[in-house]
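J.:
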Ligand SMILES: Nc1nc2c(ncn2[C@@H]2O[C@H](COP(=O)(O)OP(=O)(O)OP(=O)(O)O)[C@@H](O)[C@H]2O)c(=O)[nH]1
Ligand SMILES: [Mg+2]
């Protein structure tokens, strides 16, 4: 039942990427064999979905070899699905602190979907019975505090904030104090969008990191990097650069609904040693799902 619901939502969310993937079966029926043209068409489609050079090469080679070895015939789609599933690893969800508040820091470039993903995540965790606090540590962008405030009111969760222009690390500090004093289970820290090249902003992120680490043992327990799926391969470059500057623990891949580049998830897996923990498939509060390779791949071909 749960699988079904997730699957249906992913199916809708991934409809643009699905257009690229779902043609394999009919493509095969049309040609009746795995020949050079079939493989060329398949390769083209995988590139279109931003699966990336390495992952595409691996898949094509495996299909070619398995056909030569007579391991596959008509069931080429099932075979490809299996290959794709094996290339991915299930996201483990949030790693919680053994006791005391779990701190989840959220980072990424401007507009990648951080604040919206935080609202969705907060709501999801609340539904799991967690007492959630959010911290508005994006004190740069005008209206950023307001944006998180509106979300927090909508989902009915508490927020720690200060005026625009105030020190983000001090907001994080206050939020940790509140989380400890009031027995919150999870504190989610929103941060301003930044590029890895903006040294002072990266240092500021490290400062927030240090402050929460000082306040709460083991914090931050998660540093989630929010990537915008519509940027495809570019998102991978962002992740590599962020990884160098701050230690991240996982990825939220947002805006999958707005792109045909949902194949980037395979390239991410190939290139970056970070689990995709959640995927964003729309703008409403319900549009965040834990990443699961099986339902993801099934939704791509549905
Ligand atoms: N379609 C779609 N839109 C999304 C998704 N996630 C976020 N958005 C939209 O992307 C835009 C930017 O989202 P924000 O959450 O404000 O992004 P941000 O990273 O916090 O932005 P900054 O704080 O300015 O760096 C908003 O219009 C969101 O509604 C998603 O999964 N799907
Ligand atoms: Mg934001």
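Numbering (the working numbering), first residue to last: 212 to 513. Just so it is clear, CB atoms sit at the ideal spot from N, CA and C, and this is done for glycine as well.
Among all the DSSP beta bridges, which residues are the ones paired with residue 271?
T.: Assignment of beta-bridge partners to residue 271 by DSSP yields no partner.
J.: So, helix, strand or coil for residue 313, using DSSP?
T.: Strand.
J.: Nearest-angstrom Cα distance between residue 224 and residue 349?
T.: 28 angstroms
J.: Does the separation of the CB atoms of residue 397 and residue 341 fall below 7 angstroms?
T.: yes
J.: Tell me, please, whether the region 287-297 touches the region 376-389 by the rule of three or more beta-carbon pairs shorter than 8 angstroms.
T.: At 8 angstroms Cβ cutoff, the stretches do not touch.
J.: Apply the 10 Å Cβ neighbour rule to residue 256 and answer buried if 16 or more other Cβ atoms are within range, or exposed otherwise.
T.: buried
J.: Using CA coordinates, which residue listed in 377, 394, 310 and 227 is at the minimum distance from residue 344?
T.: 394
J.: Could you please give me the residues that DSSP links to residue 465 through a beta bridge?
T.: 439
J.: Distance check for residue 485 and residue 420, CA to CA, integer angstroms please.
T.: 19 angstroms
J.: May I have the straight-line CA-CA distance separating residue 364 from residue 306, to the nearest angstrom?
T.: 26 angstroms
J.: Compare the Cα-Cα distances from residue 303 to each of 508, 435 and 474 and report the closest residue.
T.: 435
J.: How many Å lie between residue 399 and residue 333 at the Cα?
T.: 8 angstroms
J.: By alpha-carbon positions, which one of 327, 276 and 336 ends up nearest to residue 356?
T.: The shortest C-alpha separation from residue 356 is found at 327.
J.: Could you please give the first and the last residue of the uninterrupted beta strand (DSSP E) stretch that includes residue 489?
T.: It spans 487-491 - the beta strand (DSSP E) in which residue 489 sits, taken as one unbroken run.
J.: Have a look at 427, 325 and 246 and flag the residue whose alpha-carbon is nearest the alpha-carbon of residue 287.
T.: Ranking 427, 325 and 246 by Cα distance to residue 287 puts 246 first.
J.: In chain order, what residues of the same chain have a beta carbon less than 7 angstroms from the beta carbon of residue 453, not counting five sequence neighbours either side?
T.: 318, 407, 436 and 459
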